[in-house]
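Please read the structure below before turning to the comments.
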Amino acid sequence: MANFRKLQNSVGSITIDESGKVHSFDSVAERIFGYVSSEVIGQNVSILMPEPHRSHHDGYLKRYLAEASEHIIGRGRELLGLHKDGHTFPMWLAVNYVQVEGITLFTGAVLDLSSQKQTERELSRSEELSRAVLDTAVNPIITINRFGQIQSFNNSAEKFFGFTREEVLDKNVNILMPEPDHSHHDSYLSNYLKTGSPKIIGTGREVVAKTKHGALVPIHLSVGEMEMDDETMFVGIITDISQQKAVEKELLQHRERLEELVALATEEVEAIVKTAANGVITIDENGTIDVFNPSAEALFAWPSEKVKGQSISMLLSEPDAALYQQHIARYLEFGSNQEMVKGIEVQAKRRNGSLFAALIASGHRELKNGRHLFVVFIHDITEQKRTEEVLRIAKESAEQGVKTKAAFLANMSHEIRTPMNAIIGFSELVQQSPQLPQSLSQHMNTIVSSSKALLNLLNDILDVSKLESEQFSLDSVAFNLPNVIRDALQMLEYRANEKALQLLLDYPPQLPMVFVGDPLRLRQVLINLVGNSVKFTDKGVVKVSVETTDIADQLLISVSDTGIGMSAEQLDKVFEPFSQADISISRRYGGTGLGTTICKQLVSLMGGTIWAQSEQGKGSQFHFTCRLPVASKDCAEILFDNGQPKSEEYYSPRLFSVLLAEDIKENAILVSLRLEQQGHQVDWVTDGEKALNAYKNGHFDLILMDVMMPEMDGLEATRIIRRIEKESGQHIPIIALTASIMQEDHLNCTNAGMDAVEGKPIDFAKLLDTMEQTVPVDRGRPNTIKRVGGRRHPLVDFSPVEAVANYRKAISVWGDPVVYATALHSFAKDHQQDASHIAKLLEGDRYSIERARDVAHALKGVSGNLMLDRIYAVSLHINNHFRTSILSDLHNDLKDLDKAIATAVAAINKLELPEQTEVVAKRFDAQEVLKLVNALLLSYEQLNPDLASPIIDRLLEYVDSAAVAPVLAELNAYDFDSAREKTIEMASSLGLNVGEQQ
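All residue numbers in the sequence shown are consecutive under my numbering, ending with 999.
The following block contains the structure:
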């Protein structure tokens, strides 16, 4: 049976009765002839034959039955078959017969010879093609001359016969033949050349070949004749038909076995014989098993006697068992079921309970007694499924790699940015100290400037992906060009001084000072190029020079040095990524070799080109051009013009009715507070579904929509609103609020229909400006109130939380220290178990893991708004794990998060909330407010915040708490000099001149 199974996918099986009517037509026969079994069964088999065989077939059959002449029965022959689409094809046909209950049946095994015949036809095209076929053909091919001597012997012939080419060339081909063909071959050949008989040229026949080791192998031999250089040559194409013969032998054995079983045979046995077998089971219309062949026994590890009489459901897992019974019922109801015939993928169940993937195809036969017989063929497709799974994992892995890279860049940028914020903050505090000696002041300026530059470079890490995807964009602002260059040189001055190098700037006096472009990217290019010059120069000069070119709005900037220089080979690779002079240079000077590559990309974006000139031992010169139009004289804002301009607190020109959708209470309080301080009216809902209902029932000017919310998220709510608006013709601005920095997430917001995206923690000046730009001019109402009275708040001592919260920055964001302190206490109450909650959810099902992701996302947002830096950093890292679906490493992160939350909660619990008193807002009295401001300034001289507290309480009766918040922040830090500056700024914003006599 082994050989039979090997050929089951290439040899078709057809059974006919003595009238020529087709009784079975298996799947291989379907593929060969193009018919489905239902189209052929019951038809005369002659529909599969071309003329004249179609017309003569019934006569052949009758003569055989009458004369019992062994013409083709038990043997095979080559003839033409007729495909359903009308084309004919060569095939090999072997026929056996059997009698069952007096009925004569014929079983034919069919093998498509099209590919072999195609090979034969191709050989006749040309000598060159013949040589190619000889070298590459799968079939053994031998050419001989008119004397029977072998002239060519291809690779397949060597493998088949066991001879090497050298062993047989010029030898008589009869060495490959057993007796009697060995002795008679030369006379056959001579007779053919003289008389043209026997007619074997251009046809095929079945013969026996002999290998080098004496083995006899049945083959199909096709012989072609050709003329080469006026010499007759013969080409023999050989097909090994030993497996085919094995099939014929097995068919004969089946016939003999069937004849032995005739006395006991039933119609079920006949159906099994008619159907190709691998794992074969027969069942009745109820699914009860009758026949369970040895292959099925091996597949399921059940002996046949244990399963006979049982339901086939015992071999299938649920729900596949129930579904298969439904397929049977559908077949019985409608008389056909193509799914059953073609095959159904199921989870099959072995005796030990283990499952495996299987394909089951079923044939049907209605028996004479009205019973139904289903023949089920089962094939194990575990390996196929494993391969599909490997491909799926590989695909997902590749996609995951892209996400992981993006998440890694975002996380790395954040992890470095967090300590850099502390460096910058404390450096600025030292910089502002009156006790700082003048000699150190310049160094502190350099530290602050360099730290801020490093933060900008961290943003460049994220820009790398934008540069690669051509999504990078430049700013276009007015800036002081010589100041930008001096700023870049100043950052490198300390390193240059260490080497006693001169840093020079050659800026022509006739050249304008202010241009329009991207000063930060230009400075980045200069820092890279000048930094390289300083690195590779031990003595002498590094100079930056600027000049115009013949092209309008184009400048040429050059950086030259007296350093070690480069060879011609090194110069060719200087702008390639990760390229440095050589290994020794890399070890000595360090660096990644990316600097000049980034310069090249940035210069290209600025509309210019970059190139280098160098000679080893004599220094280098880097030149680049860039498009920098001269700025107009009426520029309102010029960067790097004696320091970058400071932006004042934003003042909303219009007041809006705002719908806020935000599920985190602390975040909602912050947004509501800051917007209501401006005079906006805010309605708060906690999820997308409530936002949708509020939108339908209210009249809002815009919606601030958090992206991730329970029940219905912001994206889905926005899509529904946009669908509603298509019918109404209206459009309400929707601004997304998201903690994600990923471009992909921002694009999802835009695709959902959101008008703008604002990040968390929220930059309220930017949010308010976006609101003003997004809402149409005919909505909202003018903001005619400059300041309004509100709540007054005593000073809050934030020292207990100084180690866990950046409260100074938080107060400037929240604008109300008491509300901020209250929010901290709310956080300590609501979020102290978040780490353990996430860990517990991760042990559950997929839904629980999604809930864990939501908890982590919410924690990231609220901790960012509260400036709880450590909690924010760890929760950001955890969120990145959820984003990339890599959850195996979360254990340590959750331990860190639990520790960070516990530390923060302990500190917050020590934070005391002052008693608050509601006061009636008083009408703004400029003279009274000016008195209080002057009194406040006098109190600072005593360096005692307790003296300032009652004055601020009275001031809050007239002035909005948002205006006083910056003063409170400095007082809480005991920085009385800064408190004085903030007080004077507050008075100026109220239109008061400090120092006026009352």
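Using N, Cα and C, we set each Cβ at its ideal position, and we do this for glycine too.
- With respect to the 8 Å criterion, V547 and I565 are not classified as neighbours on the basis of their beta carbons.
- Per DSSP, the unbroken beta strand (DSSP E) holding Q152 starts and ends at 151-154.
- When Q44, L891, F883, V875 are compared, the shortest CA-CA separation from A901 is found for V875.
- Per DSSP, the continuous alpha helix (DSSP H) segment holding Y189 begins and ends at 182-196.
- With a minimum length of 3 residues, there is no unbroken run of beta strand (DSSP E) contained wholly in the region 808-843.
- The straight-line gap separating the alpha-carbon atoms of I424 and N807 is approximately 13 Å.
- In this structure N173 does not touch T240 by the C-beta definition: roughly 22 Å separates them, more than the 8 Å allowed.
- Annotation: P777 to T771 spans about 12 Å, alpha carbon to alpha carbon.
- Taking a cut-off of 8 Å for Cβ pairs, the region 671-681 and the region 714-722 do not touch, as fewer than three such pairs fall below it.
- In this structure the region 485-505 lies against the region 528-536, because at least three pairs of beta carbons, one per stretch, are closer than 8 Å.
- Distances from the CA of R55 to each of K396, L80, E68 were compared; the closest alpha carbon is that of L80.
- CA-CA distance, Q311 to I290, rounds to 6 Å.
- For C636, no alpha helix (DSSP H) run applies, since DSSP gives it neither H nor E.
- Between G149 and the set A138, K118, D187, E159, the nearest pair of CA atoms involves D187.
- DSSP, reduced to helix, strand and coil, places Q679 within a helical segment of the structure shown.
- Under the 10 Å beta carbon count, I552 is surrounded by fewer than 16 other beta carbons and is classified as exposed.
- When secondary structure is reduced to three states using DSSP, H882 falls in the helix class.
- Under the criterion of beta carbons closer than 8 Å, I733 and F701 qualify as touching, at roughly 7 Å.
- When secondary structure is reduced to three states using DSSP, P219 falls in the strand class.
- In this structure the region 813-832 does not lie against the region 702-716, because fewer than three pairs of beta carbons, one per stretch, are closer than 8 Å.
- Beta-bridge annotation (DSSP): E228 is paired with T233.
- Counting only residues of its own chain and dropping the five nearest sequence neighbours on each side, L914 has a CB closer than 6 Å to the CB of A822.
- In summary, M229 is exposed, with fewer than 16 beta-carbon neighbours lying within 10 Å of its beta-carbon over all protein chains present.
- Under a 10 Å Cβ-count criterion, N287 is classified as exposed, with fewer than 16 other Cβ atoms of the shown protein chains found around its own Cβ.
- Cβ-Cβ distances below 8 Å link E773 to S653, P654, R655 in the same chain, with the five nearest sequence neighbours on each side left out; the list follows chain order.
- For the alpha helix (DSSP H) assignment, the uninterrupted runs of no fewer than 4 residues enclosed by the region 329-371 are, from N- to C-terminal side, 339-343.
- For the set M868, D746, D855, S849, the Cα lying nearest the Cα of V805 is the one of M868.
- For N484, there is no enclosing beta strand (DSSP E); the enclosing alpha helix (DSSP H) has its first and last residue at 482-492.
- Every alpha helix (DSSP H) of 4 residues or more that sits fully in the region 509-579 is shown, in chain order, as 520-536, 569-573.
- Taken atom to atom, the span from the alpha-carbon of L475 to that of N881 is near 28 Å.
- If you check the CB distance, I850 and L843 come in under 8 Å.
- Taking a contact as a CB-CB distance under 8 Å, the pair L94 and L49 does not count as one, their CB atoms being some 10 Å apart.
- Between the alpha carbons of Y508 and M514 lies a gap of roughly 10 Å.
- Separation of R351 and V308 (C-alpha to C-alpha, rounded to the nearest whole angstrom) is 12 Å.
- According to DSSP, residue pairing for D684 in a beta bridge involves L660.
- Rounded to whole angstroms, the Cβ separation of V863 and I665 is 5 Å, and the two are in contact under 8 Å.
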